[in-house]
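Below is one structure, written out as C-alpha cells; comments come after it.
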Amino acid sequence: MTPEDLAGVVRAAVAQLQAEGALTGDLPEEIVIERPRSKEHGDYATPVALTLAKSAGRPPREIAELLAGRLTATPGIEAAEVAGPGFVNLRLAADAQGQVARAIVDAGTAYGHGIGHAGQSINVEFISANPTGPIHLGHARWAAVGDAIARVLEADGASAVREFYINDRGVQMDRFGASVQAVADGRPVPEDGYHGAYIADLAAQIVAEHPEFLGLSEEEQHVAFREAAYLVQLKQQQQVLDLFRTHFDVWYSERSLHASGAVERGMQRLREQGHVFELDGAVWLRTTDFGDDKDRVLIKADGEMTYFASDTAYYVDKRERGFDVAIYLLGADHHGYVNRLRAVAACAGDDMDRNVEVLIGQLVKMMKNGEEVRLSKRAGTIITLEDLIDEVGVDAARYSLIRYPVDSPLTLDLDLLVKRTNDNPVFYVQYAHARIASVLRNATDLGIDWREASFDAGLLRHEREADLLLALAQFPAIVASAAELREPHRVPRYLESLATAYHRFYDVCRVLPRGDEELTDQHVARLWLCAATRQVIANGLSLCGVSAPDRM
RNA sequence: GCGCCCGUAGCUCAAUGGAUAGAGCAACCGGUUUCUACCCGGUCGGUUGGGGGUUCGAAUCCCUCCGGGCGCGCCA
C-alpha cells in the first residue's frame with residue numbers, strides 16, 4: 066500500500082463517517098498523509114482530524130478517535146492510534162507493505178509516474194545563450210535543472226517541450242561577427258567585441274574552409290564571417306549540450322520569429338488588449354498595469370524594435386503554438402525580468418499566475434584545491450560547460466547541479482565530485498544500483514528464477530525491510546511534488562535516502578542463499594525487494610539524466 | 001533610494017504550516033570468514049541572524065531590524 070492508496074482509504078473512511086451522520090462539515094480537498102519523523106508514531110500519520118475540527122465543530126481528538134476506530138477495521142492496516150493534538154498514526158500490515166515491491170517490479174520504468182499534470186502542455190525554455198560563445202558555467206545549472214524539470218513534468222503526465230531561444234539577431238551578433246572577421250584579417254578585436262581565445266579558433270576554422278572570404282569587400286566579408294561563425298558556434302553549443310544529455314525539442318531562432326510575422330501578430334494582440342500607447346514618439350506597453358515597476362518601450366522613437374518587443378512576441382507565439390504554460394528559467398542577474406514577463410502575459414490577456422512562470426537560479430561557482438576556479442582552458446576568462454564535463458564527467462556534473470534548490474547560490478567542489486566514496490552523493494547512489502545489479506546477477510548465476518517463484522510479501526517484516534519498503538512507496542509522491550513545485554532537487558535527495566535504506570538493509574539482511582543452503586521464500590521475497598529498489602533508483606536517476614550503472 | 005533572492009550544526013546543505021529541525025563531511029569510537037566495505041553502527045555538535053505578529057501548530061506565512069548576493073536603459 067502506497068501513501069496514495071492510504072489517502073484513498075482515509076478519504077473513504079471520512080466520507081463514510083459523514084454519510085452516517087457521525088461527522089459534519091466538508092470533506093477536505095486533499096487528505097494529507099505524512100511519514101512521521103519518529104518511528105514510534107507509526108508508518109504513516111494523518112493530521113486530517115486537525116483540519117476537520119473547525120468545520121465539524123468538534124475537538125480534533127474526538128474526530129481522530131472516530132476515524133481511528135474506522136481505520137483499524139480496514140484490511141491492510143494493522144493499527145490506528147490517536148496521538149498528540151489529534152494525529153492518527155497508522156501502521157501497515159507487513160503483507161500490504163510488502164506488496165509495494167511487486168507493484169514496482171510490475172510497473173517497471175513507469176513506477177513513479179503520475180497524472181498530476183495530465184493534459185497540460187508546458188514549454189520549458191532555458192539557457193537561450195547567445196550563439197556568440199561557448200555554453201558556460203552560468204548556463205550549466207539550467208542545462209541540468211531545466212532538463213530535469215521537463216523530465217519530471219513528463220513523468221507527472223505533462224507534455225513538456227524543451228526550448229532554446231537563439232538570439233541570432235541584433236547588435237551582439239554583429240559584434241561577434243566583427244570580432245571573428247578582425248582576427249581572420251590579422252587586426253585586433255574591436256573594443257566592444259568578443260575577446261575569448263575561442264574567437265581565434267573560429268577565425269582559423271572559417272578561413273580554412275572559406276579562403277575566398279578574405280577577398281570579399283568589407284561589408285560582404287562582415288556578413289560572411291558573422292554567418293559562418295554563428296553556425297559553427299551554434300553547432301558547438303548543440304554538440305556540448307548533446308554530450309551533456311540535454312536534448313532540446315525546439316531550437317527557436319529569433320530571426321525566424323521576425324521573418325514569420327510573429328512580431329506583428331504579437332503587437333496586434335497587445336493592441337487589441339488595449340495596453341499599448343504612444344509617448345514621445347515611441348510605442349510603449351503599459352506593463353505597470355500588472356505590477357511592473359515601469360512601462361516598457363516596444364518601438365523606439367527611431368522606429369527600431371526593442372529586444373523587449375521580440376520577447377513579447379515570442380511569448381504570444383508560444384501561446385499560439387498551444388502551450389498552456391510558458392516556463393522561463395533565468396539567471397539571478399535577470400530577476401528584474403520576472404515582473405516584466407508576468408506583465409507581458411497579462412497584457413496579452415492571459416492569466417499571469419497560471420500561463421507564465423519565471424524561475425530564477427542563483428550563481429554557480431567551482432572550487433578546486435580549496436580555491437575558486439576562475440579561468441577556463443578554452444575560453445580564457447569564462448568557465449565552460451565543456452570544462453566542467455572534462456573535470457568531473459556528465460553524471461557527476463548533472464547530479465550535483467540538480468541536487469540543490471536553484472534559489473540559493475551553489476559552489477561545486479570539484480575535488481569532491483571525482484571522489485568515489487560516500488561523501489560524493491552521485492557515487493553513493495550509483496553504487497547502490499550497481500550493488501543490487503550484482504546481487505541480481507549472482508541470483509541468475511545460481512539459477513534462481515525469483516520472478517517465477519511465489520512471492521510472499523508478508524515475509525518482509527524485518528525492520529530494515531519495512532524501512533526500505535516505506536522508502537520505495539514514497540517515490541511517486543516525490544516525483545509529483547518535484548513536478549508541482551518545479552523542484553527536481555527532491556529526486557536526488559530522495560535517492561540518497563533510498564540508497565541509505567538499501568545499504569542498511571543489505572548490511573543485516575542476507576539476500577542470497579549461502580553455500581549449499583536451500584532457496585527459501587525469504588530469499589525470494591528479498592530478491593523482489595532488491596529488484597524493486599534497483600528499479601526505483603534507475604527511474605530516479607533517469608529523471609536526473611544520470612546513468613544507472615550495473616557495475617562499478 | 002526602490003525591488004528580488006538568501007541567512008538552519010565548525011563546513012556543504014535538507015526539511016510541501018505538522019509531533020523531539022535532519023543528512024553528509026570534519027573530529028572521536030566501533031563493525032566484514034562467504035551476496036560489490038565505493039558499505040554499516042555509535043558519540044559530539046542548534047536560541048533555524050535578532051525582535052514582534054498570525055494559529056491548534058512557524059525554519060516555513062506577515063511586519064520590522066541586521067548581514068550577504070543580485071538587479072533597476074527608447075541597451076541587447
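If you read the first sequence in this note's numbering, its first letter stands for residue 66, the second for the next number, and so on. Ideal placement from N, C-alpha and C gives every residue a C-beta, glycine not left out. These numbers were taken from a predicted model, which means no experiment stands behind them.
field: Start and end residues, alpha helix (DSSP H) containing Lys119
entry: For this step, residue 119 is matched to residue 54 along the first sequence. That run of the alpha helix (DSSP H) goes 113-121.
May I have a chain-ordered list of the beta strand (DSSP E) segments no shorter than 3 residues that lie completely inside the region 76-160?
-> 109-111, 142-148, 152-157
Once the 5 residues before and after Ser375 are set aside, which same chain residues still bring their CB inside 7 Å of it? Taking the first residue of the first sequence as 1, we reach residue 375 at position 310. Result list for Ser375: Glu319, Leu322, Val328, in chain order.
Query raised in the report: From which residue to which residue does the beta strand (DSSP E) around Asp367 run?
Result: For this step, residue 367 is matched to residue 302 along the first sequence. From DSSP, Asp367 is part of no beta strand (DSSP E); its letter is neither H nor E.
Item to complete: Give the DSSP-derived three-state secondary structure of Arg361 in the structure shown.
Response: Position 296 of the first sequence, counted from the first residue, corresponds to residue 361. Arg361: strand per DSSP, three-state reduction.
Practice prompt. Would you tell me roughly how many angstroms separate the C-alpha atoms of Ala294 and Ile214, rounded to the nearest one?
Written response: What you label residue 294 is simply residue 229 of the first sequence in a count that begins at 1. What you label residue 214 is simply residue 149 of the first sequence in a count that begins at 1. Approximately 32 Å, taken between the alpha carbons.
Quiz prompt | Helix, strand or coil at Asp521 [DSSP, three-state] | solution = Here residue 521 corresponds to residue number 456 of the first sequence, with the count starting at 1. Three-state result, Asp521: coil.
| message | Does His204 come out as helix, strand or coil in the three-state DSSP assignment? | response | The residue labelled residue 204 in the question sits at position 139 within the first sequence. Three-state result, His204: helix.
Start and end of the alpha helix (DSSP H) containing Val556? By 1-based counting over the first sequence, the position of residue 556 is 491. From DSSP, the alpha helix (DSSP H) with Val556 extends over 555-573.
Rounded straight-line distance, which links the Cα of Thr139 to that of Arg181: In the first sequence, counting from the first residue as 1, residue 181 sits at position 116. In the first sequence, counting from the first residue as 1, residue 139 sits at position 74. Residue identity check: residue 181 is Gly in the sequence provided, not Arg. The alpha-carbon atoms of Gly181 and Thr139 are separated by roughly 27 Å.
**Item:** Nearest-angstrom Cα separation, counted from Leu453 out to Leu608
**Value:** One-based indexing of the first sequence puts residue 608 at position 543. One-based indexing of the first sequence puts residue 453 at position 388. About 21 Å.
7 Å Cβ shell around Ala383 - same chain, five flanking residues per side excluded
As a first step, residue 383 is located in the first sequence; it is residue number 318 there, counting from the start. Before going on, a small fix: residue 383 reads as Lys here, not Ala. Asn188, Ala391.
In terms of alpha-carbon separation, which member of Ala378, Phe492, Arg407 lies closest to Asp621?
The structure shown does not extend to residue 621, since the chain is modelled only from 66 to 617, so the question has no answer here.
- Query: Which residues does DSSP pair with Ile433 in a beta bridge?
  - Reply: Counted from its first residue, the first sequence places residue 433 at position 368. In the sequence under discussion, the amino acid at residue 433 is Lys, which differs from the Ile named in the question. Answer is Glu436.
Is Gln246 buried or exposed, if buried means 16 or more other CB atoms sit within 10 Å of its CB?
-> In the first sequence, residue 246 corresponds to position 181, counting from 1. Its Cβ being crowded by 16 or more others within 10 Å, Gln246 is buried.
- Item | Pair within 9 Å by beta-carbon distance, Ala209 and Ile200 | One-based indexing of the first sequence puts residue 209 at position 144. One-based indexing of the first sequence puts residue 200 at position 135. No, the pair does not count as a contact, with Cβ atoms beyond the cut-off.
Checking the sheet assignment: what are the DSSP bridge partners for Tyr380? As a working note, residue 380 is residue 315 in the first sequence. Paired residue(s): none; Tyr380 is not in a bridge.
Short Cβ contact (9 Å threshold) for Val165 with Met66
Translated into positions along the first sequence, residue 165 becomes position 100. Translated into positions along the first sequence, residue 66 becomes position 1. Contact flag set, yes.
Q: Write down every uninterrupted run of the alpha helix (DSSP H) in the region 386-417 whose length is 4 residues or greater and which is fully enclosed by it, in chain order.
A: 402-412
Measure from the alpha carbon of Leu560 to the alpha carbon of each residue in Gln539, Arg551, Leu577, Ala548, then state which is nearest. Indexing the first sequence from 1 puts residue 560 at position 495. It is Gln539 whose Cα lies nearest to the Cα of Leu560.
Rounded to whole angstroms, what is the Cα-Cα separation between Leu525 and Leu563? The residue labelled residue 525 in the question sits at position 460 within the first sequence. The residue labelled residue 563 in the question sits at position 498 within the first sequence. Going from the Cα of Leu525 to the Cα of Leu563 covers about 17 Å.
* **Same chain only: Cβ atoms within 8 Å of Val573, ignoring 5 sequence neighbours per side** => Translated into the one-based positions of the first sequence, residue 573 becomes position 508. Once the five neighbours on either side are set aside, the close Cβ partners of Val573 are His527, Arg529.
Original post:
Alpha carbon to alpha carbon, how far is Arg500 from Leu450?
Top reply: In the first sequence, residue 500 corresponds to position 435, counting from 1. In the first sequence, residue 450 corresponds to position 385, counting from 1. Computed Cα separation, rounded: 31 Å.
Please check the pair Arg291 and Phe241, which I expect to be a contact at CB under 8 Å, by giving their CB distance rounded to whole angstroms.
Here residue 291 corresponds to residue number 226 of the first sequence, with the count starting at 1. Here residue 241 corresponds to residue number 176 of the first sequence, with the count starting at 1. At roughly 7 Å, the Cβ-Cβ gap stays under 8 Å, so Arg291 and Phe241 are in contact.
(request) Report the partner residues of His421 according to the DSSP bridge assignment. (result) Along the first sequence, read from residue 1 onward, the residue named residue 421 stands at position 356. Per the sequence shown, the amino acid found at residue 421 is Val instead of His. Ala391.
Quiz item: What separation, rounded to the nearest whole angstrom, lies between the Cα atoms of Lys359 and Asp418?
Solution: Walking along the first sequence from the start, residue 359 turns up at place 294. Walking along the first sequence from the start, residue 418 turns up at place 353. Distance between the alpha carbons of Lys359 and Asp418 is about 20 Å.
* To do: Please go through the region 444-488 and give each complete beta strand (DSSP E) segment of 3 or more residues, from N-terminal end onward.
  => 475-478
### Query
From what residue to what residue does the beta strand (DSSP E) around Glu530 run?
As a position in the first sequence, residue 530 is number 465, starting the count at 1. Unbroken run through Glu530 is the alpha helix (DSSP H), 528-550; no beta strand (DSSP E).
- Query: To the nearest angstrom, how far is it from the Cα of Gly435 to the Cα of Leu428?
  - Reply: Here residue 435 is taken as the residue at index 370 of the first sequence, counted from 1. Here residue 428 is taken as the residue at index 363 of the first sequence, counted from 1. Rounded to whole angstroms, Gly435 to Leu428 spans 18 Å at the Cα level.
Proximity below 9 Å, CB of Ala269 to CB of Ala249: Working through the first sequence from its first residue, we reach residue 269 at position 204. Working through the first sequence from its first residue, we reach residue 249 at position 184. For Ala269 and Ala249, yes; Cβs fall inside 9 Å.
Under 9 Å, do Gly198 and Gln298 count as touching if we go by C-beta distance? Here residue 198 corresponds to residue number 133 of the first sequence, with the count starting at 1. Here residue 298 corresponds to residue number 233 of the first sequence, with the count starting at 1. Cβ distance < 9 Å, so Gly198 and Gln298 count as in contact.
According to DSSP, is Ser224 part of a helix, a strand, or is it coil? Here residue 224 is taken as the residue at index 159 of the first sequence, counted from 1. Looking at Ser224 - three-state DSSP - the assignment turns out to be strand.
(request) With DSSP as the reference, label Trp515 as helix, strand or coil. (result) For the purposes of this step, residue 515 is identified with residue 450 of the first sequence, where counting begins at 1. Three-state DSSP puts Trp515 in coil, outside helix and strand.
- Check whether Gly605 and Pro557 have beta carbons under 9 Å apart: Position 540 of the first sequence, counted from the first residue, corresponds to residue 605. Position 492 of the first sequence, counted from the first residue, corresponds to residue 557. Taking 9 Å as the Cβ cut-off, Gly605 and Pro557 qualify as a contacting pair.
- Task: Report the residue from Glu190, Glu94, Pro125, Asp160 whose alpha carbon sits nearest the alpha carbon of Arg230.
- Result: The residue given as residue 230 occupies position 165 in the first sequence. The question names Arg, yet the displayed sequence has Tyr at residue 230. Among Glu190, Glu94, Pro125, Asp160, the Cα nearest to that of Tyr230 belongs to Glu190.
Checklist line | Residue interval of the beta strand (DSSP E) (run including Val491) | finding: Residue 491 sits at position 426 when you count from the first residue of the first sequence. Counting along the chain, Val491 falls outside any beta strand (DSSP E), though it belongs to the alpha helix (DSSP H) covering 490-510.
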